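Chemist:
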Amino acid sequence: MIEVEGLTKYYGPYPAIRDVTFRVEEGDVVAFLGPNGAGKTTTMRILTSFTAPTTGKASIAGFDVWDDPMNSRRHIGYLPETSPLYTDLTVRQHLKYGARLCRYPEDKVDERVDRVMDLCNLSDRADTLIHKLSKGYRQRVGLGMAIVHDPPVVILDEPTIGLDPKQVVETRRLIRELGKEHTVMLSTHILPEAQSIAQRVIIINEGSIIAEDTPDNLTAQIRRARSLRVRVKDTSPSVAGKLRDLAGVSGVRRTGEGGDGACYEVEMPVDGRDMRAEVAAFIVGNNWGLLEMTPIEMTLEDVFLRLTTEEEGAA
Ligand SMILES: Nc1ncnc2c1ncn2[C@@H]1O[C@H](COP(=O)(O)OP(=O)(O)OP(=O)(O)O)[C@@H](O)[C@H]1O
Ligand SMILES: [Mg+2]
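Numbering (the numbering used here), first residue to last: 1 to 315.
1) So what's GLU312 in DSSP terms, helix, strand or just coil?
2) Indicate whether ARG226 and ILE197 have their beta-carbon atoms separated by less than 7 angstroms.
3) In this structure, what does DSSP give as the bridge partners for ASN205?
4) Distance, Cα to Cα, ALA315 vs TYR14?
5) In three-state DSSP terms, what is PRO215?
6) DSSP three-state call for THR171: helix, strand or coil?
7) Rounded to a whole number of angstroms, what is the C-alpha to C-alpha distance between GLU312 and PHE304?
8) What three-state label does DSSP hand PRO69 in the structure shown?
9) With a cut-off of 7 angstroms, give the chain-ordered residues whose Cβ is closer than this to any heavy atom of ligand 2.
10) Flag ASN36 as yes when its Cβ comes closer than 6 angstroms to any non-hydrogen atom of ligand 1, and as no otherwise.
11) Using the Cβ count rule (16 or more neighbours within 10 Å means buried), how would you classify HIS131?
12) Between LEU47 and ALA194, how many whole angstroms is the CB-CB distance? I'm expecting something under 8 angstroms.
13) Using the C-alpha atoms, what's the distance from THR183 back to VAL284?
14) Closer than 6 angstroms to a non-hydrogen atom of ligand 1 - does that hold for the CB of ALA211?
15) Quick check: SER187 and LYS40, are their CB atoms within less than 7 angstroms of each other?
16) Quick one: Cα of MET275 to Cα of ASN36, how far?
17) Helix, strand or coil: which one does DSSP assign to ALA281?
18) Closer than 6 angstroms by C-beta to ARG23: which residues in its own chain qualify, once you throw out the five before and the five after it? Chain order, please.
19) First and last residue of the beta strand (DSSP E) that includes ALA262?
20) So, is LYS166 buried or exposed, given that buried needs 16 or more other C-beta atoms within 10 angstroms?
21) Looking at the structure shown, is GLY272 part of a helix, part of a strand, or coil, going by DSSP?
22) State the DSSP-derived secondary structure class of ALA99, mapped to helix, strand or coil.
23) Which first and last residues belong to the alpha helix (DSSP H) in which MET1 is found?
24) Check the DSSP bridge columns for GLU158 and list the partner residues they point to.
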């Protein structure tokens, strides 16, 4: 549904994005995840034909965003980073205007606008002028504008920014709901957001895509570096050395001791082999008194930091 190939965009001498390539299939919900200045907005502005790429190609539903913007745009609902709204219209008027502008069937406009106001929690402000709305409510109107014409592809640039916590939860729920019938691409720098909404995450950093996978696989991808936290009764210093000598273990760190033994972080082999059973048997065999063994799982946050840090290290 969205195809992007080798997109590069220079602002002056600096590339905002470099050789960005990805695909979003019909019905997917994809999160574009990256820190400030990574190139998320730039990519989305190209997809919505607001900016021309320096090189590369992009298409929506088969229509090239630069050669055929009329057709590609007809398939898109877009929530820009800052929503340009006509502040002297009421919420209802604005959404009606949005629906008509995109040629939503005239006889169904009222019904659709009511539905969208309901979805975006705007019904209680239906007849309020937009200039009287708070920032969060304006954001909701922007989101409403992105979906009012029921487009097959919805592109949302940081859809939850500026919303209160309750509304953040509501909006994420709405996006998941939208994902059942639409192709959705949203940008975010909030990792749990990507994890909770999207089936697939594309991580962008300094203009380049550095990883792309399901939230779970991204975590698994560097599970190699996973560690085990073990607690044993025996507090003698020789335990660490013996654990370290166990074939496959790539490192051991003593992380503390309390009333009930000593705690260690045992690094698993770089090949990703699961050594939990071996480590447990080894500890039991040595009679150290195994009290606790927990894998230290990496969150997407850890994955992200690791990937971006590695990139920086390589540069
Ligand atoms: N109109 C512009 N002129 C010059 N440089 C720009 C322009 N727009 C963006 N940039 C630069 O391009 C890079 C990518 O910016 P972009 O807005 O795409 O990042 P982003 O991932 O959306 O960040 P944020 O999370 O802060 O919204 C940044 O270095 C930015 O300074
Ligand atoms: Mg941005």
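For every residue, glycine included, the Cβ atom is placed at its ideal position computed from N, Cα and C. These figures come from a predicted structure and were not determined experimentally.
Modeler: Reading it off the structure:
1) Because the pLDDT of GLU312 is 38, which lies under 50, any placement of that residue in the model is unreliable, and the number read from its coordinates should be weighed accordingly. GLU312 falls in the helix class under three-state DSSP.
2) no
3) SER208
4) Here the model assigns ALA315 a pLDDT of 32, short of 50, so the residue's position is not dependable and the matter cannot be decided.
5) helix
6) helix
7) In this predicted model, GLU312 has a pLDDT of only 38, less than 50, meaning its place in the structure is not dependable enough to derive any value.
8) helix
9) LYS40, THR41, GLU81, ASP157, GLU158 and SER187
10) yes
11) exposed
12) Wrong, their Cβ atoms sit about 18 angstroms apart, outside the cutoff.
13) 52 angstroms
14) no
15) yes
16) 39 angstroms
17) helix
18) GLU3
19) 261-267
20) exposed
21) coil
22) helix
23) Counting along the chain, MET1 falls outside any alpha helix (DSSP H), and DSSP gives it neither H nor E.
24) Paired residues: none, contrary to the question.
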